[in-house]
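Chains as they are written, first to last, in this note's numbering: chain B, 7 to 123; chain D, -19 to 93.
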C-alpha cells in the first residue's frame, strides 16, 4: 500500500492565483512529520515546509502553507500568489521513526506544477 | 547558509565499473541518507547512516552498494559493479537530531552505458 499518495500528476495555475497540491498519507506511527519539497528542472531538492504530527497549527512559510487535516490524513500544500518560478515538481514526504531510532523519509510520486503567465 | 555538497555532479561510467559518489553533509548533522531518483520517477530511499553504521536500508540497497564515512566529514556511496538500471540521480541528505527536516544535496547524475 502506498504510504504517500499524490493523486495529481500535473497541475496548471495562472500567475498570481493560489493553488493546492494534494497529499494523503498512511501511517500507524503516532509521531511523524510531513514535508514538501520542490524540485525545479535543474534537479535539486529544495525543502519548503514541515508539519509535525503533534503540531496544533498549520505550518506556514512565506507563500507556502500546509493544510494539515489529521483525521483525514491529508497534508495539502497551498501556494498563494503563484509566480512563474514556482513551476517545478513538488514532492510530499513523510518521516516515520525507523527500527533503529533513525528516521525514514518516504516520498510521493510528485505533482508537476506549471504556472502560466 | 550551510548546505550539503555532492561530487561529481555528473558521471558517465561503463557497465560493470565501480563508482564512488561523494557527499559532504552539513557539519553538525548526525543522520545521513542516500536516495535515488530514476529519471521521471519518485525519490526512493536507499540507506540511512548514524553513528558510523547503517541504520536502515531498502531492498534496492543490495550487496553492490556500500556506504562509508571515512574521515568524519565525507559520506560516500559506492556501487561495486554498475548496471544499466543504476542510471539515476543520487541524492545525499543529512539531518539534525530533531528530525524536523533533512537537507538534500544537489544530486549526482549517474549514467551507466
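Beta carbons are placed, not taken as given, at the ideal position from N, Cα and C, and that holds for glycine. All values reported here derive from a predicted model rather than from experimental measurement.
Taking its Cβ as the centre, do 16 or more other Cβ atoms sit within 10 Å of residue i, making it buried, or is it exposed?
| i | result |
| --- | --- |
| residue 39(B) | buried |
| residue 66(B) | exposed |
| residue 81(B) | buried |
| residue 123(B) | exposed |
| residue 65(D) | exposed |
| residue 36(B) | exposed |
| residue 19(D) | exposed |
| residue 21(D) | exposed |
| residue 12(B) | buried |
| residue 42(D) | exposed |
| residue 116(B) | buried |
| residue 39(D) | exposed |
| residue 18(B) | exposed |
| residue 51(D) | exposed |
| residue 78(D) | exposed |
Flag this pair as yes or no: are the beta carbons of residue i and residue j separated by less than 8 Å?
| i | j | result |
| --- | --- | --- |
| residue 23(B) | residue 89(B) | no |
| residue 90(D) | residue -9(D) | yes |
| residue 100(B) | residue 112(B) | yes |
| residue 13(D) | residue 4(D) | no |
| residue 76(D) | residue 8(D) | yes |
| residue 15(D) | residue 29(D) | no |
| residue 92(D) | residue -15(D) | no |
| residue 109(B) | residue 42(B) | no |
| residue 127(B) | residue 52(B) | Any answer about residue 127(B) is impossible in this case: the structure gives chain B only from 7 up to 123. |
| residue 49(B) | residue 86(D) | yes |
| residue 94(B) | residue 46(B) | yes |
| residue 70(D) | residue 6(D) | no |
| residue 72(B) | residue 62(B) | no |
| residue 11(D) | residue 74(D) | yes |
Out of the options, state which residue places its alpha-carbon closest to the alpha-carbon of residue i.
| i | options | result |
| --- | --- | --- |
| residue 130(B) | 115(B), 53(B), 102(B) | Here chain B comprises residues numbered 7 to 123, so residue 130(B) is not present and cannot be evaluated. |
| residue 120(B) | 44(B), 100(B), 29(B) | 44(B) |
| residue 63(D) | 45(D), 52(D), 32(D) | 45(D) |
| residue 60(B) | 76(B), 112(B), 95(B) | 76(B) |
| residue 79(B) | 53(B), 49(B), 28(B), 69(B) | 28(B) |
| residue 2(B) | 54(B), 51(B), 68(B), 114(B) | Past the edges of chain B, shown from 7 to 123, lies residue 2(B), and the structure says nothing about it. |
| residue 114(B) | 26(B), 25(B), 19(B), 30(B) | 30(B) |
| residue 108(D) | 23(D), 17(D), 51(D), 55(D) | Outside the displayed range of chain D (-19 to 93) lies residue 108(D), so it cannot be described from this structure. |
| residue -13(D) | -5(D), 2(D), -2(D) | 2(D) |
| residue 103(D) | 72(D), 81(D), 10(D) | Coverage of chain D is limited to positions -19 through 93, which leaves residue 103(D) absent and any answer about it impossible. |
| residue 88(D) | 68(D), 81(D), 10(D) | 68(D) |
| residue 60(D) | -18(D), -5(D), 23(D), 36(D) | -5(D) |
| residue 9(B) | 26(B), 25(B), 34(B) | 34(B) |
Using a beta-carbon distance cut-off of less than 7 Å, what residues from the stretch 39 to 53 of chain B approach chain D? From the stretch 39 to 53 of chain B, only 39, 41, 49, 50, 51, 53 have a Cβ closer than 7 Å to chain D.
Contact set between the stretch 60 to 88 of chain D and chain B, restricted to residues whose Cβ is under 9 Å from the partner: Under the 9 Å Cβ criterion, the stretch 60 to 88 of chain D contributes 69, 71, 73, 75, 79, 80, 81, 82, 83, 84, 85, 86, 87.
Of the residues that make up the stretch 16 to 43 of chain D, which ones have a beta carbon closer than 7 Å to any beta carbon in chain B? From the stretch 16 to 43 of chain D, only 22, 23, 25, 28, 30, 35, 36 have a Cβ closer than 7 Å to chain B.
Short of 9 Å Cβ to Cβ, which residues in the stretch 81 to 98 of chain B face chain D? Cβ contacts with chain D: 97.
Where the stretch 55 to 83 of chain B meets chain D: residues whose CB sits under 8 Å from a CB there: Of all residues in the stretch 55 to 83 of chain B, the ones placed with a Cβ closer than 8 Å to any Cβ belonging to chain D are 56, 58, in chain order.
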